[in-house]
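J.:
In the numbering used here, the protein residues as written are 1 to 122.
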């Protein structure tokens, strides 16, 4: 039997809701970025994804929750505004609780990896 210490692991959580919808780290990161940026477009830019992709993910979260996760106000020349609803904030809080509990069970996580900057197609 080996006395080797297991290497640290980082937990990645995906919640499957009663609706059949799934919430994982990408959707949670998008919602958290919407809360910071105040818009879906700003969050999409910050995460390096297209606006249509971000919009589709928000709609998928809404469908999974059975309630809007993001309150949207139409744009115009200044752009639209978006903020998390109570349902969106509660979902993020629950996700982070489950993630933290799973990480505690798994043990210490390795240090975060640095990500290379994304390249834009020219």
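The beta carbon of each residue, even a glycine, is placed where N, CA and C say it ideally should be. Source: prediction; values computed, not measured.
Between the Cα of residue 82 and those of 26, 16, 36, 13, spot the shortest distance and give me the residue it belongs to.
T.: Nearest option by C-alpha distance: 36.
J.: Give the DSSP-derived three-state secondary structure of residue 14 in the structure shown.
T.: Here residue 14 sits in coil by DSSP.
J.: Does DSSP classify residue 9 as helix, strand or coil?
T.: Three-state result, residue 9: coil.
J.: Quick check on the burial criterion: 16 or more other C-beta atoms within 10 angstroms. Buried or exposed for residue 33?
T.: It is buried - the Cβ of residue 33 has at least 16 other Cβ atoms within 10 Å.
J.: Quick one: give me the first and last residue of the beta strand (DSSP E) that residue 45 is part of.
T.: Segment 40 to 47 is the alpha helix (DSSP H) holding residue 45; no beta strand (DSSP E) there.
J.: Taking only three categories from DSSP, how would you classify residue 99?
T.: Note: residue 99 maps to helix in three-state DSSP.
J.: Quick check: the Cα distance between residue 110 and residue 25, rounded to an integer number of angstroms?
T.: Roughly 17 Å separates the two Cα atoms.
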